[in-house]
C-alpha cells in the first residue's frame, strides 16, 4: 500500500517527565525507544500517565526540562504538533462537524495545498481502504460511532503521517463494534507497516494489537514486554492483577511442595521463600477421579457459558479460585472438587 | 388523538396570547395609524421617497451593521481568550465587562462625550500630539462607539458560554493534520462559535437599530430613525408619520434578522 511517507519512524523518549502546573506528577522520568514499524500499546488504568506519554510524543505536551523526544534521532522536543506530521485518532473521534466525510478526510491535504485532482484521488483511496466510500458526502452527525472512527482513521492516514497515535480509539464503541474495528485496525497497522502508538485501558485490546505492551501505573512503567511475556511472566503484582484473571494461593514451600489451606501442591522448582503463588485460570482444572492430587475446594458458584463452565472454588483464601472447566459435566453449588494445577504456569513475585 | 391536540392548543395558548397582545395587535394598530395622517398611505411611500427619512433609515441600518460586526470581532477574540486563560482577577474582569448593561443610554452617551467630545480625552491627546483636536462624539462615529460599548457585554457572555463547549480535541486534531494556529481559528473555532455569533449578533443588531438614549444624548448631527421618530412625534406632532416610521423600523429589523438567520442556516447545511 502506498500510504507511507517512506520508511517507518523510530521514536525515542529520553528522560521525559511531566509535571502539571498544579504540581501533580503525571509522568515520572521515562526512557523508552519505539522501533520503526512497531505497534506499542500503553496500557493502564486512568491517570497512569499513558495519555500524557502519547501527548508528549504527539507534541501536544512538552516534557519537563531535561526531557527529549527524538524522531529518527532528530530532536523534535520543541516542535509543535502541526510540524511533526503524526496522525492522531481520539476516543471522541474529533471529526469536524462543519465538513462532510470527504471534507474531513481531505482536510490535512487541503492544508498542505495539495492539488484538487490529487486530493480527490487520495480521499477516494482512503474511503475505499476504510470501506466507507458510500458515506463520502454524509454529514458527521449522520454517522454511527464505528463509522465515525473509520473516518477519523482515514483522515489521520490521508496525509501519510510518519506515525499513527491512537488515544483509546475504541473505548466509546459498543462491544461488538469494538471487536470488528479492532480486527480492522490490526490488519491496517500490519499492512501499512507504520509505527503506531496505541493507548488503552483495555487489556484485551492491548494483547491483540501490541507488538509490545508498556504497562503503566501512577506515572511509572510497571513492565515492558511482548503480550505473552506480560501475561505469563508479570513483573509486579499490579501487572498480574491488571491483565487477565490471576488466582492466588498463600502458604509456604518446603522440599518441593507448596502447602496451603487447599492442600499440598508438588512443585519441584518451588523457591524456598515463596509465601504466595499466582496462576491463570487456564492453568488449573478439576481433576479426573483417577488422578492423584493433593488440592481440593468447594464450588461457590458455577456459570455454564456453553463452551466451558466458569467455576468459583472456595479454598479458604481471600478470594475463591477462578477455574475455566471444559469438563462435560454439571457442577453443583457446595460440591467438593479436587484440583490439578500445571506447575509451568506458576508465578512467584 | 383529539385529546392530544387539545392539550397542544392549551400549551400554545400562553405564547399565542402574548404574541397577539404584545406584537400583532400593536403592530397592526401602528400600521393603521401610519396611514391615518393628512397624506394617508403616502406616509409609507415618503419613507422611501423623502431623502431625509430614507437617509436616516439607511444610516440606522448602517450603524447597526457596523456595530454588530465590530462587536462580534471584539467579543469573539476576548470571549475565547477569557474562557481559555484563567488568571488572577479573571472573574472580576468578566463581572466588570458586564457593567455597561446596567447603564442607561444617556450615561453611555455621556461617557462617549467625555472620551471623544470637545473637552474629551482623545481631543486633548490629539491636540498635544498633532496640534489638531480630534472630536467625533457628536457624529455617527461617536454613536458607533457607544453602541459597541454597550453591545459587548451580552455578546462576550454568549461567546464565553459557547467557547466553553468547544471540544479541545477538535483543535488538536486539526493541528495534528498540519493546521497553523490561524487555520485552527478559521476552520474549527469560528465554525464552532457560529451559532453563538448568530444569536448574539441578532440581539446586538436589533438593539443598535432601536437604541435611543445614546443618540439623544449625543444629538446634533445624528440622523437615525429612533431620533427622527422622536422628532416627528414630539416636535412636529406628526403622529401618523411617527407611526409609519416605527412600523417600517420594526419590519426592516425583522427582515434583516430573518435573512441573516436563513443565510447562516443554509451556509451551515452547505458546508456540512
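Protein chains in written order, with the working numbering: chain Z, 915 to 1263; chain B, 156 to 427. Idealized CB from N, CA, C, for every residue including glycine.
- In this structure, residue 387(B) lies away from residue 378(B), with their beta-carbon atoms at least 7 Å apart.
- Take residue 402(B), set aside five residues on each side of it, and the residues of its chain with a beta-carbon closer than 6 Å to its own are 185, 186 and 189, in chain order.
- Residue 332(B) belongs to the set of residues whose beta carbon lies under 7 Å from a beta carbon in chain Z.
- Residue 1002(Z) has a beta carbon lying within less than 7 Å of a beta carbon in chain B.
- With a contact defined as Cβ atoms closer than 8 Å, residue 1063(Z) and residue 1007(Z) qualify at about 6 Å.
- Between residue 408(B) and residue 361(B), the CB-CB gap stays under 7 Å.
- Residue 350(B): member of the alpha helix (DSSP H) spanning 345-365, first to last residue.
- Under the 8 Å Cβ criterion, the stretch 958-970 of chain Z does not count as touching the stretch 1043-1059 of chain Z, having fewer than three qualifying pairs.
- The residue from 337(B), 417(B), 335(B) and 400(B) with its alpha-carbon nearest to that of residue 365(B) is 400(B).
- Taking 8 Å as the Cβ-Cβ cut-off, the stretch 318-330 of chain B approaches chain Z at 322, 324, 325, 327, 328, 329 and 330, given in chain order.
- Contacts with chain B (Cβ-Cβ distance below 9 Å) from the stretch 968-1002 of chain Z involve 969, 972, 973, 974, 994, 995, 996, 997, 998, 999, 1000, 1001 and 1002, listed in chain order.
- If you ignore the 5 residues before and after residue 291(B), its C-beta comes within less than 6 Å of the C-beta of 271 and 297, all in its own chain and listed in chain order.
- A straight line joining the alpha-carbon of residue 350(B) with that of residue 989(Z) spans about 42 Å.
- Contact between the stretch 1104-1111 of chain Z and the stretch 1076-1092 of chain Z is present, with at least three C-beta pairs closer than 8 Å.
- A direct Cα-Cα distance of roughly 7 Å separates residue 385(B) from residue 397(B).
- At a cut-off of 7 Å between beta carbons, residue 346(B) contacts chain Z.
- Taking 7 Å as the CB threshold, residue 1025(Z) lines the interface with chain B.
- Note on residue 1081(Z): 16 or more other CB atoms within 10 angstroms of its CB, so buried under the neighbour-count rule.
- Listed as beta-bridge partners of residue 1109(Z) by DSSP are 1077(Z).
- Residue 338(B) reaches chain Z at 1025, counting residues in chain order whose Cβ is nearer than 7 Å.
- For residue 1155(Z), the enclosing alpha helix (DSSP H) begins and ends at 1151-1156.
- Within a 10 Å sphere around the beta-carbon of residue 975(Z) sit 16 or more other beta-carbons, which makes this residue buried.
- Among the CB atoms of chain B, one or more fall inside 7 Å of the CB of residue 1022(Z).
- Annotation for residue 181(B): the continuous alpha helix (DSSP H) segment containing it runs 180-189.
- Residue 921(Z) is not a Cβ neighbour of residue 977(Z), given a cutoff of 7 Å.
- Against chain Z, the beta carbon of residue 335(B) has neighbours under 9 Å at 996 and 1025, listed in chain order.
- Between residue 318(B) and residue 235(B), the CB-CB gap stays under 7 Å.
- Under a criterion of Cβ atoms nearer than 8 Å, the residues of chain Z adjacent to residue 343(B) are, in order, 1010.
- Membership of residue 214(B) in the alpha helix (DSSP H) is indicated by the continuous run 206-239.
- Counting along the chain, residue 1048(Z) sits inside no beta strand (DSSP E), nor does DSSP assign it H or E at all.
- Residue 1006(Z) has a beta carbon lying within less than 7 Å of a beta carbon in chain B.
- If you look at residue 1123(Z), you'll find it in the alpha helix (DSSP H) that goes 1117-1123.
- Residue pairing by DSSP places residue 395(B) opposite no residue, since no beta bridge is assigned to it.
- In this chain, residue 963(Z) is not harboured by any alpha helix (DSSP H), its DSSP state being neither H nor E.
- Under the three-state reduction of DSSP output, residue 1250(Z) falls in the strand class.
- If you ignore the 5 residues before and after residue 1132(Z), its C-beta comes within less than 7 Å of the C-beta of 962, all in its own chain and listed in chain order.
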